[in-house]
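J.:
Shown next as structure tokens:
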């Protein structure tokens with residue numbers, strides 16, 4: 024059963040719901056790690072709430088324009104992993120444009136330049152086909168690169184990573200390079216070349232790195248818990264997308280043996296891009312200071328680690344952390360890191376989304392939606 028950190032207020036739609044507790048974080052000496060920042064549950068309550076509130080929250084939306092001829096005007100029941108992917112990408116763009124320490128406020132205290140940068144990011148994710156990273160574009164791209172994923176099909180962690188990679192290439196103004204490390208292997212030289220780190224460093228692009236993993240058959244192997252905790256302490260961490268069967272979540276940190284996450288499973292009215300203003304009623308639907316928590320043992324074994332490196336030095340630092348914190352001395356590391364592609368791995372020009380190696384037995388899905396069996400059986404019952 025999930026527990027949650029209740030904060031002072033939660034805004035969904037047009038209603039501000041007051042929570043009652045003045046100190047919702049557990050009274051504990053254990054540190055709380057949120058996306059690379061270490062805080063105290065006792066002494067840093069206000070900052071903890073601000074950390075959660077400053078993340079983009081993309082949830083189910085209803086009554087948006089139909090996704091082409093699919094009949095769908097809401098993603099309730101099938102779009103949770105698509106929304107988690109949006110949250111990761113938005114966090115990356117926010118960090119590149121505004122910095123890791125930037126904080127969102129409903130009081131419109133930001134200067135005009137920051138406000139404009141923030142709103143430009145938000146508009147990239149509006150529920151309209153015109154927005155490059157909208158639910159519409161993500162769902163349609165999933166359909167185009169893998170015919171067995173029509174609109175309304177659940178995505179798994181690997182699929183959403185591959186779709187965002189394709190969309191980022193199509194978006195000419197995109198300031199980052201998305202790379203998906205397949206076969207449990209981070210290949211350093213390929214990533215450097217992709218981001219333009221080799222040659223003139225000034226021409227390089229920030230890196231958004233997805234590392235899709237399967238850490239067990241039907242249940243996550245406990246030997247990986249400590250390594251996952253280590254990842255949340257890296258300054259480059261953007262979070263983890265995964266969750267439970269049929270229930271995708273965006274994990275942003277941990278405390279003791281519990282993961283801290285944002286939950287996309289609330290259906291709100293779609294917003295109107297033309298009227299979104301910083302701190303306005305539309306904008307508030309994209310933020311919450313309520314974060315939930317769940318035990319590591321309840322995590323589905325299929326997940327994706329997400330990292331951001333703004334330049335080559337941050338990438339090199341991350342690779343060193345991988346090597347010394349996660350790989351050396353570990354009999355079963357989360358993944359491997361290589362300077363060049365090993366001969367036994369397929370070339371990087373392989374299929375967009377692997378299917379045969381990830382397929383598992385299908386099971387009955389919620390409702391009458393199509394079942395995604397090509398992505399580690401992630402969202403199934």
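Residue numbers (the working numbering): 24 to 404. From the three backbone atoms N, C-alpha and C, an ideal C-beta is built for every residue, glycine too. Quantities reported herein were computed from a predicted structural model and do not represent experimental measurements.
For residue 304, decide whether its Cβ has a neighbour in chain C, counting only Cβ atoms nearer than 8 Å.
T.: Checking the listed chains, one finds no chain C in this structure; it contains a single protein chain.
J.: Kindly indicate which residue of 84, 83 and 354 has the alpha-carbon position closest to the one of residue 247.
T.: In the chain shown, residue 247 corresponds to position 224, counting from 1. Residue 354 is the option with its Cα nearest to residue 247.
J.: Would you report the Cα separation of residue 27 and residue 96, rounded to the nearest angstrom?
T.: Here residue 27 refers to the residue found at position 4 when the chain shown is read from its first residue. Here residue 96 refers to the residue found at position 73 when the chain shown is read from its first residue. A caution first: residue 27 carries a pLDDT of 39, below 50, which makes its placement in the model too unreliable to give a value.
J.: Measuring straight from C-alpha to C-alpha, what distance separates residue 367 and residue 205?
T.: In the chain shown, counting from the first residue as 1, residue 367 sits at position 344. In the chain shown, counting from the first residue as 1, residue 205 sits at position 182. Each residue's alpha carbon lies about 13 Å from the other.
J.: Assuming residue 314 is part of the beta strand (DSSP E), what are its boundary residues?
T.: Here residue 314 refers to the residue found at position 291 when the chain shown is read from its first residue. Unbroken beta strand (DSSP E) run through residue 314: 314-318.
J.: With a CB to CB cut of under 7 Å and the five nearest residues on each side skipped, what residues in its chain are close to residue 474?
T.: Nothing about residue 474 can be read from this structure; the chain reaches only from 24 to 404.
J.: Could you give the DSSP three-state label for residue 373: helix, strand or coil?
T.: Sequence index remark: in the chain shown, residue 373 carries index 350 (1-based). No answer about residue 373 holds up, because its pLDDT of 44 lies below 50 and its placement is not dependable.
J.: Run through the DSSP bridge pairs and tell me what residue 152 is partnered with.
T.: Counting from 1 along the chain shown, the entry for residue 152 is found at position 129. In DSSP, residue 152 forms no bridge with anything.
J.: Please go through the same chain and pick out, in chain order, the residues whose beta-carbon is closer than 6 Å to the beta-carbon of residue 196, but skip the five residues on each side of it.
T.: Against the chain shown, residue 196 aligns to sequence position 173. There are no such residues.
J.: Using only the alpha-carbon positions, how far apart do residue 64 and residue 55 sit?
T.: Walking along the chain shown from the start, residue 64 turns up at place 41. Walking along the chain shown from the start, residue 55 turns up at place 32. Residue 64 and residue 55: Cα-Cα distance of roughly 6 Å.
J.: DSSP on residue 348, reduced to helix/strand/coil?
T.: Numbered from its first residue, the chain shown carries residue 348 at position 325. In the structure shown, residue 348 sits in a helix (DSSP, three-state: H, G or I).
J.: Taking the straight line between their C-alpha atoms, what separation do you get for residue 118 and residue 176?
T.: As a working note, residue 118 is residue 95 in the chain shown. As a working note, residue 176 is residue 153 in the chain shown. Cα to Cα, the separation comes out at about 30 Å.
J.: Can you tell me whether residue 174 is helix, strand or coil according to DSSP?
T.: For the purposes of this step, residue 174 is identified with residue 151 of the chain shown, where counting begins at 1. Residue state, collapsed to three classes: coil.
J.: Are residue 199 and residue 191 close, meaning C-beta to C-beta below 8 Å?
T.: Working through the chain shown from its first residue, we reach residue 199 at position 176. Working through the chain shown from its first residue, we reach residue 191 at position 168. Contact flag set, yes.
J.: Using the rule of at least 16 other Cβ atoms within 10 Å of the residue's Cβ for burial, across every protein chain shown, is residue 245 buried or exposed?
T.: The count along the chain shown starts at 1 and reaches residue 245 at position 222. Exposed, since its Cβ has fewer than 16 Cβ neighbours within 10 Å.
J.: Which residues in the same chain as residue 154 place their Cβ atom closer than 8 Å to its Cβ, once the five residues preceding and following it in sequence are excluded?
T.: Within the chain shown, the letter at position 131 stands for residue 154. Contacts found: 146, 147, 148, 160 and 296.
J.: How about residue 104 and residue 168: are their beta carbons less than 8 Å apart?
T.: Position 81 of the chain shown, counted from the start, is the residue given in the question as residue 104. Position 145 of the chain shown, counted from the start, is the residue given in the question as residue 168. Contact flag unset, no.
J.: Which same chain residues end up closer than 6 Å to residue 114 when comparing Cβ atoms and leaving out the 5 residues on each side of it in sequence?
T.: One-based indexing of the chain shown puts residue 114 at position 91. Excluding residues within five positions, the ones whose Cβ falls inside 6 Å are 261.
J.: Does the region 336-349 come within contact of the region 255-270, defined as at least 3 CB pairs closer than 8 Å?
T.: Result yes; three or more Cβ-Cβ pairs closer than 8 Å.
J.: What whole-angstrom Cβ distance do residue 128 and residue 302 have, given they're in contact under 8 Å?
T.: The residue you call residue 128 lines up with position 105 of the chain shown. The residue you call residue 302 lines up with position 279 of the chain shown. About 7 Å separates the two Cβ atoms, so the contact holds.
J.: When the Cα atoms are used, what is the spatial distance from residue 73 to residue 338?
T.: Translated into positions along the chain shown, residue 73 becomes position 50. Translated into positions along the chain shown, residue 338 becomes position 315. Whole-angstrom Cα-Cα distance: 27 Å.
J.: Using beta-carbon positions only, say whether residue 178 and residue 203 come within less than 8 Å of one another.
T.: By one-based count along the chain shown, residue 178 stands at place 155. By one-based count along the chain shown, residue 203 stands at place 180. Not closer than 8 Å, so no.
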